[in-house]
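Shown next, in structure tokens, is the structure this report addresses.
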Amino acid sequence: GAVVSQHPSRVICKSGTSVKIECRSLDFQATTMFWYRQFPKQSLMLMATSNEGSKATYEQGVEKDKFLINHASLTLSTLTVTSAHPEDSSFYICSATGSGWETQYFGPGTRLLVL
Amino acid sequence: QQQVKQSPQSLIVQKGGISIINCAYENTAFDYFPWYQQFPGKGPALLIAIRPDVSEKKEGRFTISFNKSAKQFSLHIMDSQPGDSATYFCAASPYASGGSYIPTFGRGTSLIVHP
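From first to last, the protein sequence lines are chains A and B. Counting in my numbering, the first sequence runs from 196 upward without gaps. Counting in my numbering, the second sequence runs from 30 upward without gaps.
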């Protein structure tokens, strides 16, 4: 149990376009979802935390207008990278947890390349 | 300020050997300590976790040792196998209001197990 999926797994886009990444909890209700960014050979950097039906809480230094997060249901959260630029190229990973759960369950990640 | 310090950054072990990864934390409010395993291009997967009320937890070849007074915990991989080659992250989290555990991750250890 506790499976999280992400789509797409890889995306290549042109600079200036917007990209949407979906994160789904397949077999549980995810009251909280998290979005991380990971650079090569580095740790996970938390970007934002979102609770279902509420606005996301962004970490310091993360531009909320650039990284739009929507958590419209208990099984789906989306991250939209608006007006993407090459420096936004990275590995984006979501995770999800249920109410009161200690553990986060991670998705497989999305590799974004902005040309 | 790094709240969870992980070492070593990289580790090379022969097949059948013991791999040991150490983490130290500062925040005494942390009360949940998971370890994650991440293969290249994939999301992290929960490996094993411990609460501070026990000093050791073992699951198969994986053991967490926890020293509350020293604020240190470590992962031991017994009989290391080439398939264990991956990046390992320790994490620590306090219980947050609203029921969500938001972990702080260590910087990761790249483990290579030679056949």
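Beta carbons are placed, not taken as given, at the ideal position from N, Cα and C, and that holds for glycine. Quantities reported herein were computed from a predicted structural model and do not represent experimental measurements.
For residue i, is the classification buried or exposed, using 16 other Cβ atoms within 10 angstroms of its Cβ as the cut-off for buried?
i, result
"residue 222(A)", "exposed"
"residue 228(A)", "buried"
"residue 232(A)", "buried"
"residue 237(A)", "exposed"
"residue 199(A)", "buried"
"residue 272(A)", "buried"
"residue 73(B)", "buried"
"residue 57(B)", "exposed"
"residue 111(B)", "exposed"
Name the DSSP bridge partner or partners of residue i?
i, result
"residue 296(A)", "According to DSSP, residue 296(A) bridges with nothing at all."
"residue 202(A)", "217(A)"
"residue 85(B)", "94(B)"
"residue 143(B)", "43(B)"
Please report how far the alpha carbon of residue i lies from the alpha carbon of residue j, in whole angstroms.
i, j, result
"residue 241(A)", "residue 230(A)", "6 Å"
"residue 33(B)", "residue 234(A)", "18 Å"
"residue 141(B)", "residue 104(B)", "15 Å"
"residue 134(B)", "residue 270(A)", "25 Å"
"residue 224(A)", "residue 310(A)", "36 Å"
"residue 52(B)", "residue 302(A)", "24 Å"
"residue 59(B)", "residue 257(A)", "24 Å"
"residue 38(B)", "residue 306(A)", "24 Å"
"residue 251(A)", "residue 295(A)", "18 Å"
"residue 64(B)", "residue 291(A)", "16 Å"
"residue 204(A)", "residue 69(B)", "13 Å"
"residue 287(A)", "residue 202(A)", "11 Å"
"residue 255(A)", "residue 144(B)", "44 Å"
"residue 248(A)", "residue 268(A)", "7 Å"
"residue 226(A)", "residue 299(A)", "11 Å"
Please find out if some non-hydrogen atom of the ligand ZN comes closer than 8 Å to the beta-carbon of residue i.
i, result
"residue 79(B)", "Ligands are entirely absent from the displayed structure, and the ligand ZN is therefore not among its contents."
- Residues in the segment 50-68 of chain B with C-beta within 8 Å of chain A's C-beta atoms, listed in sequence order? Listed in sequence order: 61, 63 and 65.
- Item | At least 3 beta-carbon pairs within less than 8 Å: the segment 203-222 of chain A vs the segment 270-290 of chain A | Judged by Cβ distances under 8 Å, the segment 203-222 of chain A makes contact with the segment 270-290 of chain A, as three or more pairs qualify.
- Query: Should the segment 255-265 of chain A be called in touch with the segment 92-104 of chain B, which here means at least 3 C-beta pairs below 8 Å?
  - Reply: These segments do not touch.
- Item | Residues from the segment 225-240 of chain A in contact with chain B, defined by Cβ distance under 8 Å | Going along the segment 225-240 of chain A in chain order, one finds 226, 227, 229, 236, 237, 238 and 239 with a Cβ nearer than 8 Å to chain B.
- Task: Check whether the segment 72-91 of chain B touches the segment 42-52 of chain B, taking contact to mean three or more Cβ pairs, one atom from each stretch, closer than 8 Å.
- Result: Contact fails: fewer than three Cβ-Cβ distances are below 8 Å.
- Task: Determine which residues of the segment 248-282 of chain A have a Cβ less than 8 Å from any Cβ of chain B, and write them out in chain order.
- Result: So nothing in the stretch comes that close.
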